[in-house]
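Enquirer: Residue numbers (the working numbering): 6 to 167.
(1) Helix, strand or coil, according to DSSP, for residue 111 in the structure here?
(2) What do you reckon, are the CB atoms on residue 153 and residue 164 nearer than 7 Å?
(3) Is residue 120 near residue 31, with beta carbons less than 7 Å apart?
(4) Could you pull out every residue in the same chain whose Cβ sits closer than 7 Å to the Cβ of residue 126, ignoring the five residues on either side in sequence?
(5) Select from 86, 160, 144 the residue whose C-alpha is nearest the C-alpha of residue 51.
(6) Quick one: Cα of residue 167 to Cα of residue 113, how far?
(7) Exposed or buried, which one is residue 61 when buried takes at least 16 other CB atoms within 10 Å?
(8) With a threshold of 16 other CB atoms inside 10 Å of the CB of residue 84, please say whether the residue is buried or exposed.
(9) In angstroms with no decimal places, state the Cα-to-Cα distance between residue 98 and residue 73.
(10) By how many angstroms is the C-alpha of residue 90 removed from the C-alpha of residue 100?
(11) Using a 10 Å radius around the Cβ and a threshold of 16 neighbouring Cβ atoms, would you call residue 155 buried or exposed?
(12) Buried or exposed: residue 124, going by 16 or more other Cβ atoms within 10 Å of its Cβ?
(13) Using DSSP bridges, identify the partner residues of residue 62.
(14) Is it buried or exposed for residue 82, if we count other Cβ within 10 angstroms and need 16 for buried?
(15) Please list the terminal residues of the continuous beta strand (DSSP E) segment that includes residue 166.
(16) In chain order, what residues of the same chain lie with their CB nearer than 6 Å to the CB of residue 140, ignoring the 5 residues before and after it?
(17) Rank 66, 76, 137 by C-alpha distance to the C-alpha of residue 148 and give the top, closest one.
Below you can see the structure in the form of structure tokens.
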């Protein structure tokens with residue numbers, strides 16, 4: 006009886022560990038998220054102000070899309086998908102600043118939001134706004150430019166200011 010329980014336990018651990026890493030359990034992001042929808046949703050929130058957790062953030066200026074930041078965002082989404090991990094730190098140890106530097110964007114401040122398993126622009130923005138730390142990035146008036154990129158179930162949002 007002990008051996009059967011041990012075998013079942015080992016099988017369960019292996020099965021559930023494998024399933025948790027399987028991206029097929031997550032909704033896939035659109036391969037080419039709509040920039041206009043993303044900017045509109047981000048700026049709608051920034052222009053009206055919002056609560057990020059228990060902290061109220063007053064309205065801030067709108068943010069613009071930046072194609073160079075999109076390259077850095079795409080690199081990170083690709084890396085997370087291709088190497089099956091979910092973290093702000095790149096598989097090579099890189100930070101968001103390192104990834105932005107790679108594309109010769111001269112930044113003075115930067116930030117990053119990541120997400121996994123959202124199927125639409127509306128759902129991922131709502132998820133970020135519902136998360137206090139991610140919401141703070143969206144409401145950070147020091148950020149002037151943004152981009153978002155996806156791969157598989159992964160989303161990366163990069164913020165920066167020259």
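From the three backbone atoms N, C-alpha and C, an ideal C-beta is built for every residue, glycine too.
Since the structure is predicted, the reported quantities are computational estimates derived from the model, not experimental observations.
Expert: Reading it off the structure:
(1) In the chain shown, the residue the question calls residue 111 occupies position 106. Residue state, collapsed to three classes: coil.
(2) Translated into positions along the chain shown, residue 153 becomes position 148. Translated into positions along the chain shown, residue 164 becomes position 159. No, the Cβ-Cβ distance between residue 153 and residue 164 is not below 7 Å.
(3) Counted from its first residue, the chain shown places residue 120 at position 115. Counted from its first residue, the chain shown places residue 31 at position 26. It is not a contact, given that the beta carbons lie outside the stated cut-off.
(4) Start at 1 with the first residue of the chain shown, and residue 126 comes out as number 121. Correct list, in chain order: 38, 39, 42, 43, 46.
(5) Stepping through the chain shown from its first residue, residue 51 is reached at position 46. Per the Cα distances, 144.
(6) Residue mapping note: residue 167 aligns to position 162 of the chain shown, counting from 1. Residue mapping note: residue 113 aligns to position 108 of the chain shown, counting from 1. Approximately 5 Å between the Cα atoms of the pair.
(7) For the purposes of this step, residue 61 is identified with residue 56 of the chain shown, where counting begins at 1. In this structure residue 61 is exposed. Its beta-carbon is surrounded by fewer than 16 other beta-carbon atoms within 10 angstroms.
(8) Here residue 84 refers to the residue found at position 79 of the chain shown. Around the C-beta of residue 84, 16 or more other C-beta atoms lie within 10 Å, and the residue is accordingly described as buried.
(9) Within the chain shown, the letter at position 93 stands for residue 98. Within the chain shown, the letter at position 68 stands for residue 73. In this model, residue 98 and residue 73 are separated by some 21 Å (Cα to Cα).
(10) Residue numbering aside, residue 100 sits at position 95 when the chain shown is read from its first letter. Residue numbering aside, residue 90 sits at position 85 when the chain shown is read from its first letter. Their backbone Cα atoms lie some 15 Å apart in a straight line.
(11) On the chain shown, position 150 is the one that residue 155 refers to. With 16 or more other Cβ atoms from the protein chains shown falling within 10 Å of its own Cβ, residue 155 counts as buried.
(12) Taking the chain shown and counting its residues from 1, one reaches residue 124 at position 119. By the neighbour-count rule (16 or more Cβ atoms within 10 Å), residue 124 is not buried but exposed.
(13) Residue 62 sits at position 57 when you count from the first residue of the chain shown. DSSP lists 55 as partners of residue 62.
(14) As a working mapping, residue 82 is identified with position 77 in the chain shown. The residue is buried, with at least 16 neighbouring Cβ atoms inside 10 Å.
(15) Looking up residue 166 in the chain shown gives position 161. 159–166 is the extent of the beta strand (DSSP E) around residue 166.
(16) On the chain shown, position 135 is the one that residue 140 refers to. 57, 134, listed in sequence order.
(17) Sequence index remark: in the chain shown, residue 148 carries index 143 (1-based). That would be 66, whose Cα lies nearest to the Cα of residue 148.
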